[in-house]
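Reviewing the structure listed below.
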Amino acid sequence: MHSNIISSEMQKELIKCRDVLWLLVLCGFAINYMLRLNLNLTIVAMVIPYPKPAAVAQCNEENNASTVDIWINETSWDDNTSFVNVTYEDRFAWNEYEQGLILGAYYWLHWISQLPGGLLARRYGTKLVFGLANFLTALLGFLIPYVTHLYMLIILRVVQGLIAGVIWPSMHDMTAKWIPPNERSRFVSAYLGSSVGAAVTYPLCAAVSSSLGWGASFHVTSLLGVIWYCFWHFLVYDSPQQHPRISDDEKNYILDNISGAIESEKETQIPWRSIVLSRPVWVTIFAHWGMAWGFFTLMTQAPTYFNFIHGWNINATGILAGAPHLLRMIFSYFFSMMSDWLLRTKRMSLTNVRKLATFVCTGVQGVLIAALGFSGCHPLLAVIFMMTGTAVNGAVSASTLAIFVDLSPNYASILLGFAGMIIIWAGFISPAIVGSLTNNNQTVGQWRLVFFIAAANSIASCIIYMVFGTSNEQPWNQYAKLNTKEREMQELSPATVKNDNYAENADDTEKSDFIKDR
């Protein structure tokens, strides 16, 4: 029995509840992105292929001596004769503009549910909101292969995006309750499970589409979502106090170290005016906007870009579009560990750590995206800049995602939801711009404009945060507690005055009784 107790204690020390939570959050965000991105790659197999674009012919002429191009030519486009007398019964004749509508549809109403996501998490808990959103999105994903009309598919994707909009802001509520500040950067790196999802989704959908048909890719990703939900439902709890298997040591450590008291969120008021007028909140939103625009451009448009400009087939595109996101997750994990170390050792202030991270995920990202625009017909350079540009975006786990929790642990989910309502617009503006610029005009020059616009957004947001950004906890974070004290003072004040007057006029016996009552 004694050995069993020791073994149990060692297990508790080796596998903390925070570690299990981190893993399931990482997988949850991976599922979220698998369900979001499966169409980005699969659409290449859903549309009728066009003859080799002029840009591919031009680039192959310029680089015909390149070993990289030799590999591309062997693994990508067949010559134009392959399109003669070929029918595609299971494919659609969607042009670039229509494809842009489909890819952007997920984000059309995605912004509307961002703020409700934060509010719902505060009231009903992240476990329910985050879990059900992923589960319902997965169930809808099973229907995509059976939708054969353009606008029906757009509506289905809009509904998926609307439901999934609650996912990101809802998680901040759980982060504020479970994770002390000096572990926050590392834990928020689990949000970059989205990159793991992207890294897996592109090659997975490519392989499944090639072997089983494009419809199977939606079935596989949705099935993975249902399996994840089963683990989430039975292993995750909204707070350390609710967890039945947490050790006393871990629970006490969390409660002793979380920044400020987390109020009873079902009853607290929200300082809407202070949030909307807060300069630090808006500066962080600007930083997140530039980061998101660049990332959405790389993530959503990479398959189309390499398919049309460099002529890669679906398998080559899947591997090389997914690989950068794995690098992003790895970069995020180690960068967040370095950020937490800088905070623990007090080598940098919290604000300076966040500024360093923001510089990397916005400024450096912007430079690399601009370089991708200049890479033109050089596929090796394009791959390098796309991979590094996506990888450095991983610093966002120690940047804007963590900053919202720093500014206000009590209202972190509200802040991310409010920010998401604005930032998600980049998710459908970007594909719309790409569709407009490249519709029947797939050239290197047009894609260069696409990348320059993304780079300008990233670099501008970096400059704004470097000058005006801060991560100091805002006074209105304790709004509920202060309001409660003020109300108590107002309620007690008249009674106290009345009783004090009564006590002064009472005889000694009455005074003694009054003092005892008080």
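For the sequence shown, counting from 1, position 71 maps to 66 in this note's numbering; every step adds exactly one.
Virtual Cβ for every residue (Gly too), placed ideally from N, Cα, C.
Just so it is clear, the structure is predicted and the values come from calculations on it, not from any experiment.
Q) Can you tell which of 384, 176, 378 has the C-alpha that lies nearest to the C-alpha of residue 248? A) 176
**Q.** For residue 428, the nearest candidate out of 296, 396, 179 (CA to CA)
**A.** 296
Q. With distances taken from CA atoms, which of 194, 118, 473, 130 is nearest residue 313?
A. 194
Q. Considering only the beta carbon of each residue, do residue 370 and residue 113 sit closer than 9 angstroms?
A. no
Q) Looking at the unbroken alpha helix (DSSP H) that takes in residue 441, where does it start and where does it end? A) 439 to 463
Q | Touch test, the segment 262 to 274 against the segment 440 to 451, Cβ-Cβ under 8 angstroms, three pairs minimum | A | no
Q: Enumerate in chain order the residues of its own chain whose CB-to-CB distance from residue 164 is below 6 angstroms, with the five nearest sequence positions on each side excluded.
A: 109, 112, 113, 408, 411, 412, 415
Q. Excluding the five sequence neighbours on either side, which residues of its own chain have a C-beta within less than 6 angstroms of the C-beta of residue 99, listed in chain order?
A. 423, 426, 427
**Q.** Straight-line Cα distance separating residue 235 from residue 349
**A.** Rounded to whole angstroms, residue 349 to residue 235 spans 27 angstroms at the Cα level.
Q: Kindly list the residues whose CB is nearer than 6 angstroms to the CB of residue 79, restricted to its own chain and excluding five residues on each side of it in sequence; keep chain order.
A: Confidence is the limiting factor: at residue 79 the pLDDT is only 42, short of 50, which leaves the residue's position unreliable, though a coordinate-based value still follows. Cβ within range, chain order: n/a, list empty.
**Q.** Per DSSP, the bridge partner or partners of residue 290
**A.** Answer is none; residue 290 lacks a bridge partner.
Q) What does a CB cutoff of less than 6 angstroms around residue 238 pick up in its chain, not counting 5 residues either side in sequence? A) Result list for residue 238: 12, 232, in chain order.
Q: For residue 543, write down the residues that DSSP places opposite it in a beta bridge.
A: The structure shown has nothing for residue 543, since the chain only spans -4 to 513.
**Q.** Of the listed residues 376, 131, 210, 209, nearest to residue 221 (C-alpha basis)
**A.** 131
(Q) If the criterion is Cβ atoms closer than 9 angstroms, does the pair residue 358 and residue 453 meet it? (A) Yes; because the gap between Cβ atoms is below 9 angstroms, this pair is in contact.
**Q.** residue 87 (DSSP reduced to helix, strand or coil)
**A.** strand
**Q.** Backbone CA spacing between residue 162 and residue 170 [nearest angstrom]
**A.** 13 angstroms
Q | Beta carbon of residue 286 nearer than 9 angstroms to that of residue 394 | A | yes
Q: Taking residue 360 as the reference, give the member of 341, 373, 381, 372 with the closest Cα.
A: Checking every option, the nearest Cα to that of residue 360 belongs to 381.
Q: Would you kindly work out how many angstroms separate the C-alpha atoms of residue 227 and residue 126, rounded to a whole number?
A: Approximately 7 angstroms between the Cα atoms of the pair.
Q. Going straight from the alpha carbon of residue 441 to that of residue 156, what length do you get?
A. 28 angstroms
**Q.** Supposed close pair residue 327, residue 456 - CB separation, criterion 8 angstroms
**A.** Not quite, the Cβ-Cβ distance comes to about 19 angstroms (not below 8 angstroms), so this is no contact.
Q. Does any heavy atom of the ligand GTP sit closer than 8 angstroms to the C-beta of residue 413?
A. Summarising the ligand content, the structure contains no ligands, and the ligand GTP is consequently not present.
Q.
Under DSSP, the alpha helix (DSSP H) around residue 41 begins and ends at which residues?
A. 12 to 41
Q.
When you compare the CB positions of residue 253 and residue 174, do they come within less than 9 angstroms of one another, or not?
A. yes
Q: Could you name the residues of the same chain whose beta carbon sits closer than 7 angstroms to that of residue 432, not counting the 5 residues immediately before and after it, in chain order?
A: 441, 444, 445
Q: Please state whether DSSP places residue 197 in a helix, a strand or coil.
A: helix
Q.
I'd like to check one pair, residue 399 with residue 167: are the Cβ atoms closer than 9 angstroms?
A. yes
Q | DSSP state of residue 233 mapped onto helix, strand, coil | A | coil
Q: Return the CA-CA distance between residue 346 and residue 466, expressed in angstroms with no decimal places.
A: 5 angstroms
Q: Would you grab the beta carbon distance between residue 230 and residue 15 for me? Rounded to a whole angstrom, and I think it's under 8 angstroms.
A: The C-beta separation of residue 230 from residue 15 comes to about 6 angstroms, placing the pair in contact by the 8 angstroms criterion.
Q.
In whole angstroms, give me the CA-to-CA distance for residue 10 and residue 22.
A. 17 angstroms
Q) Can you give the beta carbon distance from residue 197 to residue 36, rounded, assuming they're within the 8 angstroms contact cut? A) That belief holds up - the Cβ atoms of residue 197 and residue 36 are roughly 5 angstroms apart, short of 8 angstroms.
**Q.** For residue 62, the three-state DSSP class (helix, strand or coil)
**A.** Model confidence at residue 62 stands at a pLDDT of 40, short of 50, so the residue's coordinates are unreliable; what they give is reported in the following sentence. Residue state, collapsed to three classes: helix.
Q) residue 363: buried (16+ other C-beta within 10 angstroms of its C-beta) or exposed? A) buried
(Q) Measuring only the C-alpha atoms, how far is residue 293 from residue 26? (A) 19 angstroms
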